[in-house]
Amino acid sequence: MKQVMVRAWEIAKEGQERFGGKVSEYFAIALKMAWEEAKKVKAVFTLYPDKRGVKSWVAKIVGIHPTYKFDRQFINTNDTDMMGNKWFELEDGYYQYSSIKGKGYIKVVNGEILNVTYKEVLGEVA
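Numbering follows this note's numbering, with no gaps: position 6 of the sequence shown is 368.
Right, dumping it as structure tokens:
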């Protein structure tokens, strides 16, 4: 609950900065937006830590790209566990990942992570 309220004030402040007026004028709609964000089911995906110049990353696949095959939005995280593994909170959709252990594709459905192939992703995104 506390995180929802904090997020609602952040959204209200963003509205005030963008459109002017008082922050309190934006709070009602910001609270609805914060609750919607909080209700989304998320999955936690963990990757091995960066080593030997290999950076771990996760990117949501949002379409087709003429050069790179898939248009992607990279997911930023600073969250790590005690072993140095990076973890990412992911919403429903298709993702590509890369780590020291390799590359691959996953699909997130209602908080569940499924391994999928390149062809499966291409069939859904194209």
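Every residue gets a Cβ at the ideal spot worked out from N, C-alpha and C, and that includes glycine.
Close CB contacts of residue 451 within its chain, under the 7 Å cut and outside five residues either way in sequence, are with 404, 406 (chain order).
Pairing residue 458 with residue 426 gives a Cβ-Cβ distance that is not under 8 Å. DSSP places residue 467 inside the beta strand (DSSP E), whose first and last residues are 464–471. For residue 394, the three-state secondary structure derived from DSSP is helix. Taking the Cβ atoms as the reference, residue 443 lies roughly 24 Å from residue 472, outside the contact range of under 8 Å.
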